[in-house]
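Beneath this line is the structure, given in structure tokens, with notes to follow.
Residue numbers (the working numbering), protein chains in the order written: chain A, 927 to 1123; chain B, 927 to 1123.
Below, the structure is given as structure tokens:
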């Protein structure tokens, strides 16, 4: 998730997330959509939030479903968890991820931190107007999906990902909220897994 | 949306929605998923929240996308809007919907209020293990979709809807949060509309 304005520090108000956090609320809702289903946490999902807002930016928050605890669906609880984690950042934070809470790790840097951490994963951008997700063969294992926030992708991000061989897919005819895009993408992957299991 | 425990009065805390509202947070997230897309409100969606928790229950809150204003995606803003609307209920509220804010109307009653208000709409339940939504012909116009909350459907609701000829569909192999189910259902309807436009 590329957060163009989402604040990279814990310096936002729980009572006014949209107004005080550079719209980190958009990304919080994506955490829920990516990690949770009815019976708990998905077993093998990592969410990377690229936070480009505020003086501490850029930073990347990584949440790993394998080891994360206390991931609740409601936005305020997620906001509090993220706020505490960002506030706990050490002064010498570098481009390597440092785990600050179970399953939550932070790095100083931008998209490159994510790409270095992903290794050999197949890269796919979720974009309006791209090929329909139902018509392409999705990668099931070691796949990474990139989404913009409410502002979409910046041209430089698109160029960087294209240069690495990223493909682009869309989830349907309308431009949707990022968390809804994740719900639809996850559903497509669930269906793929059910077919190939 | 059938909220088994969601409080029917404005008597809940914005700072602790999951703990103080009978999980009205589950329903708030469904409002966002049903009504909003990237560029604003969907043009022709009505959300009914059946609120069965607390002393004022049962009540139904109806939100109509055609006339609703100030529908924001973040949970706290939605909670405040719903809280104010519930708190503004007149003492003599009956089973007819009374509009209390633009697009937001309240009635005293349960599922029957919804059914009476729907008229001739085709009824469909979203249920795990039912027929796959991709294999059935969805109704595009005047269709009503029923979802449970985190507790699912009560047997009496299922029987009532079945007796009225409701069908059941599922959105995929996993049990998902209600807001994700709505995102996937909306996507299916968007695709249907794009095909038949």
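Ideal placement from N, C-alpha and C gives every residue a C-beta, glycine not left out.
Can you tell which of A:1093, A:993, A:1031 and A:1068 has the C-alpha that lies nearest to the C-alpha of residue 968 (chain A)?
-> Counting from one through the first chain, the residue named residue 968 (chain A) turns up at place 42. Selected option, being the one with the closest Cα: A:993.
Counting pairs of Cβ atoms below 8 Å between the segment 1043 to 1053 of chain B and the segment 1088 to 1107 of chain B, do you hit three or more?
-> yes
Opposing strand residues paired with residue 929 (chain B) [DSSP bridges] = Here residue 929 (chain B) corresponds to residue number 3 of the second chain, with the count starting at 1. Residue 929 (chain B) is bridged to B:977.
How would you list, in chain order, the residues of chain B whose beta-carbon sits under 8 Å from the beta-carbon of residue 964 (chain A)?
-> The residue given as residue 964 (chain A) occupies position 38 in the first chain. Contacts between residue 964 (chain A) and chain B, judged by CB atoms closer than 8 Å, involve 1076, 1100, 1101, 1102 and 1103 in chain order.
Could you tell me which residues DSSP puts in a beta bridge with residue 1024 (chain B)?
-> Translated into positions along the second chain, residue 1024 (chain B) becomes position 98. Residue 1024 (chain B) pairs with B:1032.
Residue 1110 (chain B) at chain A interface by Cβ criterion, 8 Å = Indexing the second chain from 1 puts residue 1110 (chain B) at position 184. It does: the Cβ of residue 1110 (chain B) has a partner Cβ on chain A nearer than 8 Å.
Name the chain B residues whose beta carbon is nearer than 8 Å to that of residue 1007 (chain A)?
-> Along the first chain, read from residue 1 onward, the residue named residue 1007 (chain A) stands at position 81. Within 8 Å Cβ-Cβ: nothing; residue 1007 (chain A) doesn't reach chain B, min ~14 Å.
Could you confirm whether any beta carbon from chain A is found closer than 8 Å to the beta carbon of residue 1120 (chain B)?
-> Here residue 1120 (chain B) corresponds to residue number 194 of the second chain, with the count starting at 1. By this cut-off, residue 1120 (chain B) is an interface position.
First through last residue of the alpha helix (DSSP H) which encompasses residue 1083 (chain A) | In the first chain, counting from the first residue as 1, residue 1083 (chain A) sits at position 157. If you look at residue 1083 (chain A), you'll find it in the alpha helix (DSSP H) that goes 1081 to 1089.
Is the segment 1064 to 1078 of chain A touching the segment 1069 to 1076 of chain B, taking contact as three or more C-beta pairs under 8 Å?
-> no
Quick one: what's got a C-beta closer than 6 Å to residue 1027 (chain A)'s C-beta in the same chain, skipping five residues either side?
-> Residue 1027 (chain A) sits at position 101 when you count from the first residue of the first chain. Closer than 6 Å at Cβ, skipping near neighbours: 1011.
State the DSSP-derived secondary structure class of residue 986 (chain B), mapped to helix, strand or coil.
-> Indexing the second chain from 1 puts residue 986 (chain B) at position 60. The answer is strand: DSSP assigns residue 986 (chain B) an E or B state.
Pick helix, strand or coil for residue 1116 (chain A), following the three-state DSSP scheme.
-> In the first chain, counting from the first residue as 1, residue 1116 (chain A) sits at position 190. Helix.
So, residue 966 (chain A) versus residue 995 (chain A), is the Cβ gap smaller than 8 Å?
-> Translated into positions along the first chain, residue 966 (chain A) becomes position 40. Translated into positions along the first chain, residue 995 (chain A) becomes position 69. The answer is no: Cβ separation not under 8 Å.
Could one say the Cβ of residue 1106 (chain B) lies closer than 8 Å to chain A's Cβ atoms, at least one of them?
-> Taking the second chain and counting its residues from 1, the one referred to as residue 1106 (chain B) is at position 180. Interface with chain A (8 Å Cβ-Cβ cutoff): residue 1106 (chain B) is included.
Nearest-angstrom Cα distance between residue 1064 (chain B) and residue 972 (chain B)?
-> Numbered from 1 along the second chain, position 138 holds the residue referred to as residue 1064 (chain B). Numbered from 1 along the second chain, position 46 holds the residue referred to as residue 972 (chain B). So the two alpha carbons sit approximately 17 Å from each other.
If the cut is a Cβ gap below 7 Å, which residues of chain A does residue 1000 (chain B) touch?
-> Stepping through the second chain from its first residue, residue 1000 (chain B) is reached at position 74. Correct list: 943, 944, 951 and 1001.
With burial defined as no fewer than 16 other Cβ atoms inside 10 Å of the residue's Cβ, what is the status of residue 1067 (chain A): buried or exposed?
-> Taking the first chain and counting its residues from 1, the one referred to as residue 1067 (chain A) is at position 141. The residue in question, residue 1067 (chain A), is exposed, as its Cβ has fewer than 16 Cβ neighbours within 10 Å.
Contact set between residue 1117 (chain A) and chain B, taken where Cβ atoms lie within less than 8 Å = Locating residue 1117 (chain A) in the first chain gives position 191, where the first residue counts as 1. Contact of residue 1117 (chain A) with chain B by beta-carbon distance below 8 Å involves 1098 and 1099.
Going by other Cβ atoms of all chains shown within 10 Å of its Cβ, with 16 needed for buried, is residue 1113 (chain A) buried or exposed?
-> Working through the first chain from its first residue, we reach residue 1113 (chain A) at position 187. Buried: at least 16 other Cβ atoms inside 10 Å.
For residue 1049 (chain A), write down the residues that DSSP places opposite it in a beta bridge.
-> Counting from 1 along the first chain, the entry for residue 1049 (chain A) is found at position 123. A:1070, per the DSSP bridge assignment.
Would you verify that the beta carbon of residue 959 (chain A) is, or is not, closer than 8 Å to some beta carbon of chain B?
-> Locating residue 959 (chain A) in the first chain gives position 33, counting from the first residue. Yes, residue 959 (chain A) counts as interfacial toward chain B.
Is the beta carbon of residue 1057 (chain B) sitting closer than 8 Å to the one on residue 1096 (chain B)?
-> The residue labelled residue 1057 (chain B) in the question sits at position 131 within the second chain. The residue labelled residue 1096 (chain B) in the question sits at position 170 within the second chain. Cβ distance < 8 Å, so residue 1057 (chain B) and residue 1096 (chain B) count as in contact.
If you draw a straight line from the C-alpha of residue 1099 (chain A) to the C-alpha of residue 1123 (chain B), how long is it?
-> One-based indexing of the first chain puts residue 1099 (chain A) at position 173. One-based indexing of the second chain puts residue 1123 (chain B) at position 197. Roughly 12 Å separates the two Cα atoms.
In angstroms, rounded to a whole number, what distance separates the CA positions of residue 1035 (chain A) and residue 1008 (chain A)?
-> As a position in the first chain, residue 1035 (chain A) is number 109, starting the count at 1. As a position in the first chain, residue 1008 (chain A) is number 82, starting the count at 1. The alpha-carbon atoms of residue 1035 (chain A) and residue 1008 (chain A) are separated by roughly 17 Å.
If you measure from the beta carbon of residue 1088 (chain B) to each beta carbon in chain D, is any gap under 8 Å?
-> Protein chains in the displayed structure are A and B, and chain D is not among them.
Short check: CB of residue 1053 (chain B) to CB of residue 1001 (chain A), under 8 Å?
-> The residue labelled residue 1053 (chain B) in the question sits at position 127 within the second chain. The residue labelled residue 1001 (chain A) in the question sits at position 75 within the first chain. No, the Cβ-Cβ distance between residue 1053 (chain B) and residue 1001 (chain A) is not below 8 Å.
Could you round the C-beta distance between residue 1005 (chain B) and residue 962 (chain B) to whole angstroms and report it? I think they count as a contact, below 8 Å.
-> Locating residue 1005 (chain B) in the second chain gives position 79, where the first residue counts as 1. Locating residue 962 (chain B) in the second chain gives position 36, where the first residue counts as 1. In fact, because the Cβ distance is near 15 Å, the residues do not count as touching under 8 Å.
Burial state of residue 930 (chain B), where buried means 16 or more other Cβ atoms lie within 10 Å = Against the second chain, residue 930 (chain B) aligns to sequence position 4. Classification for residue 930 (chain B): buried.
Using DSSP with H/G/I as helix, E/B as strand and the rest coil, what is residue 1006 (chain B)?
-> Position 80 of the second chain holds residue 1006 (chain B). Helix, per DSSP.
Buried or exposed: where does residue 980 (chain A) fall if 16 or more other Cβ atoms within 10 Å of its Cβ makes it buried?
-> One-based indexing of the first chain puts residue 980 (chain A) at position 54. Answer is buried; the Cβ neighbour count reaches 16.
If you follow the alpha helix (DSSP H) that residue 947 (chain B) is part of, which residue opens it and which one closes it?
-> Residue 947 (chain B) sits at position 21 when you count from the first residue of the second chain. Note, residue 947 (chain B): premise wrong, no alpha helix (DSSP H); not H, not E.
Just checking my contact of residue 1109 (chain B) with residue 1109 (chain A) at CB under 8 Å: how many whole Å lie between their CB atoms?
-> Reading the second chain from its first residue, position 183 is the one you call residue 1109 (chain B). Reading the first chain from its first residue, position 183 is the one you call residue 1109 (chain A). Sure, about 4 Å apart at Cβ, within 8 Å.
Give the single residue among B:951, B:1013 and B:932 whose Cα lies nearest to the Cα of residue 941 (chain B).
-> For the purposes of this step, residue 941 (chain B) is identified with residue 15 of the second chain, where counting begins at 1. The candidate whose alpha carbon is nearest that of residue 941 (chain B) is B:951.
Is DSSP giving residue 1013 (chain A) helix, strand or coil here?
-> Indexing the first chain from 1 puts residue 1013 (chain A) at position 87. Helix at residue 1013 (chain A).
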